[in-house]
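Participant: Each residue of the sequence shown is one higher than the one before, counting from 0 in numbering that gives the first Met the number 0.
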Amino acid sequence: MNEIARPNNLDAFWMPYSANRAFKANPRMLARAEGMYYYTNDNREILDGTAGLWCCNAGHGRREIVEAIQRQAAVLDFAPTFQMGHPIAFQAAARLAEITPEGMDRVFFTNSGSESADTALKIALAYHRARGEAGRTRLIGRERGYHGVGFGGMSVGGIGTNRKQFGAMLPYVDHLPHTLDLARNAFSAGLPAHGAEAADALEALVALHGAETIAAVMVEPVAGSTGVLPPPEGYLARLRAICDRHGILLIFDEVITGFGRMGTNFGAERLGTTPDIMTMAKGLTNAAVPMGAVAVGHGIYDAIVHGAPAGIELFHGYTYSGHPLASAAAIATMDLQRAEDLPGRARAIEPYWERSMHSLRGLANVIDIRNAGLIAGIELSPRAGKPTDRAVRVFQRCFDAGLLIRTTGDIIALSPPLIVETAHVDRIVETLGDAIRAEAA
Ligand code: PLP
Numbered sequence: 000m001n002e003i004a005r006p007n008n009l010d011a012f013w014m015p016y017s018a019n020r021a022f023k024a025n026p027r028m029l030a031r032a033e034g035m036y037y038y039t040n041d042n043r044e045i046l047d048g049t050a051g052l053w054c055c056n057a058g059h060g061r062r063e064i065v066e067a068i069q070r071q072a073a074v075l076d077f078a079p080t081f082q083m084g085h086p087i088a089f090q091a092a093a094r095l096a097e098i099t100p101e102g103m104d105r106v107f108f109t110n111s112g113s114e115s116a117d118t119a120l121k122i123a124l125a126y127h128r129a130r131g132e133a134g135r136t137r138l139i140g141r142e143r144g145y146h147g148v149g150f151g152g153m154s155v156g157g158i159g160t161n162r163k164q165f166g167a168m169l170p171y172v173d174h175l176p177h178t179l180d181l182a183r184n185a186f187s188a189g190l191p192a193h194g195a196e197a198a199d200a201l202e203a204l205v206a207l208h209g210a211e212t213i214a215a216v217m218v219e220p221v222a223g224s225t226g227v228l229p230p231p232e233g234y235l236a237r238l239r240a241i242c243d244r245h246g247i248l249l250i251f252d253e254v255i256t257g258f259g260r261m262g263t264n265f266g267a268e269r270l271g272t273t274p275d276i277m278t279m280a281k282g283l284t285n286a287a288v289p290m291g292a293v294a295v296g297h298g299i300y301d302a303i304v305h306g307a308p309a310g311i312e313l314f315h316g317y318t319y320s321g322h323p324l325a326s327a328a329a330i331a332t333m334d335l336q337r338a339e340d341l342p343g344r345a346r347a348i349e350p351y352w353e354r355s356m357h358s359l360r361g362l363a364n365v366i367d368i369r370n371a372g373l374i375a376g377i378e379l380s381p382r383a384g385k386p387t388d389r390a391v392r393v394f395q396r397c398f399d400a401g402l403l404i405r406t407t408g409d410i411i412a413l414s415p416p417l418i419v420e421t422a423h424v425d426r427i428v429e430t431l432g433d434a435i436r437a438e439a440a
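Given below as structure tokens:
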């Protein structure tokens with residue numbers, strides 16, 4: 000095993016969102032990947048139950064994507080997109096605009112989900128200013144929402160642990176209540192039946208702050224990072240209607256629900272509600288090169304771009320917006336998605352996925368199972384006085400047995416690559432079931 004696969008110094012890398020001390024005492028090193036599997040540095044096969052971090056939707060090491068990146072690197076490594084252009088960035092935007100919801104065909108490129116969230120919020124603010132409504136500065140998020148780690152996304156996000164370490168937040172932010180309701184909806188297969196009325200909390204915020212102060216509402220169609228919270232039936236449509244009534248922009252954070260995960264190109268399509276602004280990342284390039292994007296309709300683009308005096312219209316962008324390698328990866332990924340009908344594959348296996356996940360019902364400490372598209376959340380009751388301990392130990396047991404899962408609090412989140420087959424699903428259920436049983440005490 001070479002030194003790249005087996006580093007002997009773990010000190011320098013301050014790992015993100017990690018228990019650095021625990022990891023460095025007991026490292027879990029993924030050295031290579033192919034298809035549905037990772038391989039550890041001692042060459043153990045690990046079934047990928049999480050598509051990396053909700054992002055390798057087409058599976059790992061896809062030759063078409065690898066070769067597109069290699070070809071592009073040899074032709075044009077980098078060129079700026081500030082006042083300059085290169086063809087492949089325009090091609091990537093046009094390709095993406097073909098699959099975004101009808102009319103949402105203006106695309107701003109970023110490098111991550113966090114940058115997409117902050118970009119979307121800034122576009123919302125700029126839109127209202129361009130139309131003479133500069134008073135609309137308030138941003139509404141939702142409890143348990145995750146929109147990355149920039150100041151905008153963190154502030155609009157609704158996760159206490161992400162906020163309390165830092166203190167300083169954007170002002171003029173408020174939150175809707177989250178939609179998880181175990182009392183009424185535990186073990187729902189697909190969207191929960193109860194809770195659409197939680198959207199009415201937006202009316203209450205309008206009454207409190209005045210619609211004329213509210214720029215946008217940002218939610219994930221299915222909240223992922225805080226433990227898989229599918230929206231109650233009718234909830235998103237109700238939110239849409241309230242936004243329309245009050246001139247508030249609706250932003251969907253489609254960073255994990257995009258690119259086939261919901262059995263359609265985007266969650267918006269599957270869930271039947273179209274936002275005004277949509278954020279993307281992750282599956283856009285199959286995660287082979289970092290890239291994010293924000294899509295908007297003509298109304299927003301035209302108000303900002305055609306409403307501005309000559310010169311730069313939006314004072315925002317990243318050195319790597321539309322990076323050539325990311326653009327090449329995005330086009331190759333979207334080609335693969337289309338050629339292999341990955342959204343269709345996800346849809347076809349979804350009933351099996353749903354049944355299999357819910358077969359874990361009845362195991363000790365399993366208090367809820369939730370699913371939407373090729374996503375599942377399995378909530379465990381926490382160990383008395385030791386929140387997260389049970390889930391962390393289930394995670395380690397799964398890893399030792401050759402399965403990668405993800406945990407958040409005491410919730411297990413699963414989101415396999417969309418090329419998953421029934422035998423993989425069976426193995427996920429078996430390995431996870433064994434781990435949960437082993438942690439029953
Ligand atoms: N938005 C959502 C819904 C996410 O799930 C994530 C990451 O998991 C992000 C934003 C942040 O993306 P990134 O880590 O690429 O900044």
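All C-beta atoms in this analysis are idealised placements derived from N, C-alpha and C, irrespective of residue type, glycine included.
(1) Taking 7 angstroms as the cut-off, is the CB of residue 441 close to at least one heavy atom of ligand 1?
(2) Can you name, in chain order, every residue of its own chain whose Cβ lies under 7 angstroms from the Cβ of residue 0, other than the five neighbours on each side?
(3) Give the secondary structure of residue 19 by DSSP, where H, G and I count as helix, E and B as strand, and everything else as coil.
(4) Any chance you could list the beta strand (DSSP E) runs of at least 3 consecutive residues sitting entirely within the stretch 351-437, in chain order?
(5) So, are the CB atoms of residue 296 and residue 283 less than 8 angstroms apart?
(6) According to DSSP, is residue 315 part of a helix, a strand, or is it coil?
(7) Measuring only the C-alpha atoms, how far is residue 473 from residue 258?
(8) Do residue 35 and residue 416 count as a contact pair if the criterion is CB distance below 8 angstroms?
(9) Return the residue from the list 63, 188, 327 and 152 that minimises the CA-CA distance to residue 94.
(10) Taking 7 angstroms as the cut-off, does the CB of residue 152 come closer than this to any heavy atom belonging to ligand 1?
(11) How long is the line joining the alpha carbons of residue 96 and residue 20, rounded to whole angstroms?
(12) For the alpha helix (DSSP H) that contains residue 151, what are its first and last residues?
(13) CB of residue 372 to nearest heavy atom of ligand 1: below 7 angstroms?
(14) What whole-angstrom Cβ distance do residue 175 and residue 138 have, given they're in contact under 8 angstroms?
(15) Once DSSP output is grouped into helix, strand and coil, what is the label at residue 199?
(16) Ignore the nearest five residues each way along the sequence and tell me which others in residue 110's own chain have a CB closer than 7 angstroms to its CB.
(17) How big is the Cα-Cα spacing for residue 366 and residue 379?
(18) Measuring only from the beta carbon, is residue 219 closer than 7 angstroms to any heavy atom that is part of ligand 1?
(19) State buried or exposed for residue 83, treating a residue as buried only when at least 16 other CB atoms are found within 10 Å of its CB.
(20) On the DSSP bridge list, what partners appear for residue 65?
(21) Classify residue 304 as buried or exposed, calling it buried when 16 or more other Cβ atoms lie within 10 Å of its own Cβ.
(22) Would you please state the rounded distance, in angstroms, between the beta carbons of residue 218 and residue 227? I believe it to be under 8 angstroms.
(23) Please state whether DSSP places residue 205 in a helix, a strand or coil.
(24) Taking DSSP as the reference, what is the three-state secondary structure of residue 333?
(25) Confirm, please, whether the CB-CB distance from residue 124 to residue 136 is below 8 angstroms.
(26) Which word fits residue 273, buried or exposed, when buried means at least 16 other C-beta atoms lie within 10 angstroms of its C-beta?
(27) Nearest to residue 247 by alpha carbon, out of 132, 229 and 353?
(28) Using C-beta distances below 6 angstroms, list every residue in its chain close to residue 388, excluding the 5 sequence neighbours before and after it, in chain order.
(29) On a CA-only basis, which of 17, 53, 6 and 23 is nearest residue 30? Give me that one, please.
(30) Buried or exposed: residue 311, going by 16 or more other Cβ atoms within 10 Å of its Cβ?
(31) Put residue 239 into one of helix, strand or coil per three-state DSSP.
(32) Say the cut is 7 angstroms; is the CB of residue 280 nearer than that to a heavy atom of ligand 1?
(33) Looking at ligand 1, does it come within less than 7 angstroms of residue 252, judged from the CB to the closest heavy atom?
(34) Report yes if the C-beta of residue 294 is less than 7 angstroms from at least one heavy atom of ligand 1; otherwise report no.
(35) Just the Cα atoms here: how many angstroms apart are residue 353 and residue 98?
Facilitator: In brief:
(1) Nothing can be reported for residue 441, as the shown portion of the chain is limited to 0 through 440.
(2) In the sequence shown, counting from the first residue as 1, residue 0 sits at position 1. Low confidence applies here, because residue 0 scores a pLDDT of 48, under 50, leaving its location unreliable and the question unanswered by this model.
(3) Locating residue 19 in the sequence shown gives position 20, counting from the first residue. Looking at residue 19 - three-state DSSP - the assignment turns out to be helix.
(4) The stretch 351-437 contains, as complete beta strand (DSSP E) runs of 3+ residues, the segments 365-371, 374-379, 405-407 and 410-413 (chain order).
(5) Counting from 1 along the sequence shown, the entry for residue 296 is found at position 297. Counting from 1 along the sequence shown, the entry for residue 283 is found at position 284. Their beta carbons are not under 8 angstroms apart, which means residue 296 does not touch residue 283 by this criterion.
(6) Translated into positions along the sequence shown, residue 315 becomes position 316. Residue 315 falls in the coil class under three-state DSSP.
(7) For the chain, the structure presents residues 0 to 440; residue 473 sits outside this window and is missing.
(8) To locate residue 416, count along the sequence shown from 1; it is residue 417. To locate residue 35, count along the sequence shown from 1; it is residue 36. In this structure, residue 416 places its C-beta atom within 8 angstroms of the C-beta atom of residue 35.
(9) Here residue 94 refers to the residue found at position 95 of the sequence shown. Closest option to residue 94, judged by alpha-carbon separation, among 63, 188, 327 and 152: 327.
(10) For the purposes of this step, residue 152 is taken as the residue at position 153 of the sequence shown. Checking the Cβ of residue 152 against ligand 1 gives yes.
(11) On the sequence shown, position 97 is the one that residue 96 refers to. On the sequence shown, position 21 is the one that residue 20 refers to. When only Cα atoms are considered, residue 96 and residue 20 end up about 44 angstroms apart.
(12) Translated into the one-based positions of the sequence shown, residue 151 becomes position 152. Element bounds for residue 151: 150-155.
(13) On the sequence shown, position 373 is the one that residue 372 refers to. No, since every heavy atom of ligand 1 falls outside the 7 angstroms radius drawn around the Cβ of residue 372.
(14) Counting from 1 along the sequence shown, the entry for residue 175 is found at position 176. Counting from 1 along the sequence shown, the entry for residue 138 is found at position 139. About 12 angstroms; that fails the 8 angstroms criterion.
(15) Residue numbering aside, residue 199 sits at position 200 when the sequence shown is read from its first letter. Under the three-state reduction of DSSP, residue 199 is assigned to helix.
(16) As a working mapping, residue 110 is identified with position 111 in the sequence shown. 289, 290, 291, 317 and 319, listed in sequence order.
(17) Position 367 of the sequence shown holds residue 366. Position 380 of the sequence shown holds residue 379. Here the alpha carbons of residue 379 and residue 366 stand approximately 6 angstroms from one another.
(18) One-based indexing of the sequence shown puts residue 219 at position 220. Ligand 1 approaches residue 219 closely enough that one of its heavy atoms is under 7 angstroms from the residue's Cβ.
(19) As a working mapping, residue 83 is identified with position 84 in the sequence shown. Residue 83 comes out exposed.
(20) Translated into positions along the sequence shown, residue 65 becomes position 66. Residue pairing by DSSP leaves residue 65 without any beta bridge partner.
(21) Along the sequence shown, read from residue 1 onward, the residue named residue 304 stands at position 305. By the neighbour-count rule (16 or more Cβ atoms within 10 Å), residue 304 is not buried but exposed.
(22) Within the sequence shown, the letter at position 219 stands for residue 218. Within the sequence shown, the letter at position 228 stands for residue 227. Between residue 227 and residue 218 the Cβ distance is about 14 angstroms, and since that is not below 8 angstroms, they are no contact.
(23) As a position in the sequence shown, residue 205 is number 206, starting the count at 1. For residue 205, the three-state secondary structure derived from DSSP is helix.
(24) By 1-based counting over the sequence shown, the position of residue 333 is 334. In the three-state scheme derived from DSSP, where H, G and I count as helix and E and B as strand, residue 333 is classed as helix.
(25) To locate residue 136, count along the sequence shown from 1; it is residue 137. To locate residue 124, count along the sequence shown from 1; it is residue 125. It is a contact, given that the beta carbons lie within the stated cut-off.
(26) Position 274 of the sequence shown, counted from the start, is the residue given in the question as residue 273. The Cβ neighbour count for residue 273, taken over all protein chains shown within 10 Å, is at least 16; the residue is labelled buried.
(27) Along the sequence shown, read from residue 1 onward, the residue named residue 247 stands at position 248. Cα-wise, what sits closest to residue 247 is 132.
(28) If you number the sequence shown from 1, residue 388 lands on position 389. Taking residue 388 as the centre and dropping the five residues before and after it, the same chain places the C-beta of 382 closer than 6 angstroms to its C-beta, in chain order.
(29) Reading the sequence shown from its first residue, position 31 is the one you call residue 30. Per the Cα distances, 6.
(30) Position 312 of the sequence shown, counting from 1, holds the residue named residue 311. The residue is exposed, with fewer than 16 neighbouring Cβ atoms inside 10 Å.
(31) If you number the sequence shown from 1, residue 239 lands on position 240. If DSSP states are grouped into helix, strand and coil, residue 239 belongs with the helices.
(32) Your numbering for residue 280 matches position 281 in the sequence shown. Because some heavy atom of ligand 1 lies under 7 angstroms away, the Cβ of residue 280 counts as near it: yes.
(33) The residue you call residue 252 lines up with position 253 of the sequence shown. Residue 252 has its Cβ nearer than 7 angstroms to a heavy atom of ligand 1.
(34) Translated into positions along the sequence shown, residue 294 becomes position 295. No - ligand 1 has no heavy atom lying nearer than 7 angstroms to the Cβ of residue 294.
(35) Here residue 353 is taken as the residue at index 354 of the sequence shown, counted from 1. Here residue 98 is taken as the residue at index 99 of the sequence shown, counted from 1. Roughly 26 angstroms between the two C-alpha positions.
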